[in-house]
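Accompanying notes for the structure given below.
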Amino acid sequence: MRRSRRGTGRRRDNPQSTPPNPYNEPMEAGKETRALAILGSTGSIGTQALEVVDAHPDRLRVVALTAQRNVDLLESQARRYGPRLVCMADVRAAGELRRRLEGTGIEVAAGPEGLLEAAAYPLADTVLNAIVGSAGLPPTLAALGAGKRLALANKESMVAGGELVLSVLRTGGEIIPVDSEHGAVFHCLRGEDSGDVEAIVLTASGGPFYGRSREELAKVTVEDALSHPTWSMGRKITVDSATLMNKGLEVIEAHYLFGVPYERIKVVAHPQSVVHSLVEFKDGSLSAQLSVPDMRLPIALALSYPERWGPPFKRTDLAELEKLTFGEVDRETFGCLDLAYRAGKEGGTATAVLNAANEVAVEAFLAGRIGFLDIEGIIRETLEEHRPTGVSSLDDVLAAEGWARGRASAMVDETRRQVRG
Ligand code: NDP
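Offset between the sequence shown (1-based) and the working numbering: plus 570.
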């Protein structure tokens, strides 16, 4: 990750017809401002990022917002923050939004091309990618290709196309991780020599099913899986946390972001989610980053980098926390973590296949079509059938994903037939 470049401080002038709002006021003299494009602004990360903007209107200015289908929320965000460009990935939803925003002067783009336009938007210097799933990969590549600072929440970009992302990164742009674990590692590494790093230690809350047996997991419901004990997040990542696939995706993300081999990326259970992750150095010392679990903190840290902006959303009172505990992750009961290590070590298209099979299986679980443990089974079988090949273009990733989605969907149907029969 290139680290030294700062935001360009470019300011935008809103068109006359954009409704007045406090974010269009001139910035305070002397403070650097950042022009922000938020991809996935209607989601859990996206809405919290806008709370960060609310807290720092003198530092952050929204120039582009995108969503998939949530027209109502994107419309109200557009009216409030006055971006120059909005985009709906769903073309019909874009038509509806265009009708509603007529006369405001806000340009409405549509579909995958519109997302790319927002990711490479010339008026933005910082792009927050908070899209869920590997639909975030093309915008990640577009943002870096346009030389943007990319605040990356969309971990599936790195999992599906890590090699590609790194190759574009070598030509321009920079990545600041938003995921709390990777943000923690990124900050623990500040000022350190990468040669001194012994290992990266990612912490895992364990999700809602920490300590459960496979017999118990066979009976859990969608509602159970969506009740995360420490984090409030979108539905897909909440299920990923329950299966521990989220940690698996993070291991792969860490491998690409920090260039550390899989053998030296460890995972430790930490139910309180206060220690966000650690770096172990060759002299045996550990550096960690701590704070109460609230995603606005890592989002603000990523958007303010290399500065730190106060006041904080929350302070961490250590005495109130009383105790922090750590333990082994139960990798036999939660098999998705090892599947991710396996795919990561295989490399090439294997991680794109892992991710796509997971997306299909999680969606089917959320729709009540398969059971919780079927998620792991479907990913395992899809990976076993796959013969990984190298990745040299986005088409290689898309082809592998297409194949994996087809196989995983067929397995979902087969699982349903078996349950019914
Ligand atoms: P949400 O499901 O809450 O939000 C997803 C956002 O992406 C929404 O704005 C949604 O629009 C949009 N979107 C969904 N599908 C598409 C698509 N195919 N094309 C374009 N836009 C799309 O997700 P989260 O905010 O929870 O997660 C976002 C990313 O951040 C994920 O990669 C996740 O792993 C990561 N992350 C999330 C954390 C969290 O606390 N939530 C923590 C760390 C990482 P619409 O609303 O219209 O559907």
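The beta carbon of each residue, even a glycine, is placed where N, CA and C say it ideally should be.
Just so we're clear, the structure is a prediction, and the values are computed from it rather than from any experiment.
* Is residue 877 helix, strand or coil when you go by DSSP? -> DSSP places residue 877 in coil when its eight states are reduced to three.
Assign residue 672 to one of three DSSP states: helix, strand, or coil.
-> coil
Exercise. Could you give the distance in angstroms between the alpha-carbon of residue 1018 and the alpha-carbon of residue 643?
Worked result: Lying outside 571 to 991, the shown extent of the chain, residue 1018 is not represented and no answer is given.
Do residue 815 and the ligand NDP come close, with the Cβ less than 8 Å from some heavy atom?
Residue side-chain check: residue 815 keeps its Cβ at 8 Å or more from all non-hydrogen atoms of the ligand NDP.
**Prompt:** Is residue 685 near the ligand NDP, going by C-beta to nearest heavy atom under 8 Å?
**Reply:** yes
Is residue 737 helix, strand or coil when you go by DSSP? helix
>> To the nearest angstrom, how far is the alpha carbon of residue 801 from that of residue 864?
In response: Near 7 Å, if we compare the C-alpha coordinates of residue 864 and residue 801.
Checking 9 Å against the spacing of the C-beta atoms, do residue 849 and residue 896 come in under that value? no
| said: Could you tell me which whole alpha helix (DSSP H) segments of length 4 or greater appear in the region 906-987? | reply: 906-916, 920-936 and 942-955
Could you spell out the range, first to last residue, of the beta strand (DSSP E) harbouring residue 865? Residue 865 -> no beta strand (DSSP E), and no H or E assigned at all.
Original post:
So, do the region 916-935 and the region 945-952 have three or more beta carbon pairs nearer to each other than 8 Å?
Top reply: yes
* Length of the line joining the Cα atoms of residue 972 and residue 925 -> 11 Å
Check your understanding: Where does residue 718 land, buried or exposed, given buried means 16+ other C-beta within 10 angstroms?
Key -> buried
>> Quick check on DSSP: helix, strand or coil for residue 638?
In response: coil
Using the Cα positions of residue 621 and residue 637, report the straight-line distance between them to the nearest angstrom.
17 Å
### Message
Are there any heavy atoms of the ligand NDP lying less than 8 Å away from the beta-carbon of residue 724, as far as the coordinates show?
### Response
yes
#### Entry: Which of helix, strand or coil DSSP assigns to residue 897
Strand at residue 897.
Margin query: Per the DSSP calculation, residue 828 is bridged to which residue(s)?
Written below: Bridge partners of residue 828: none, in fact.
key: Same chain, Cβ closer than 6 Å to residue 879, five either side skipped, listed in chain order   = 626
- request: Give the DSSP bridge partners of residue 767, in chain order.
  value: 851
ask   = Does the count of Cβ pairs from the region 934-943 and the region 959-975 closer than 8 Å reach three?
value = no
- Item | Which of helix, strand or coil DSSP assigns to residue 721 | strand
Next item on the list: Apply the 10 Å Cβ neighbour rule to residue 647 and answer buried if 16 or more other Cβ atoms are within range, or exposed otherwise.
Entry: buried
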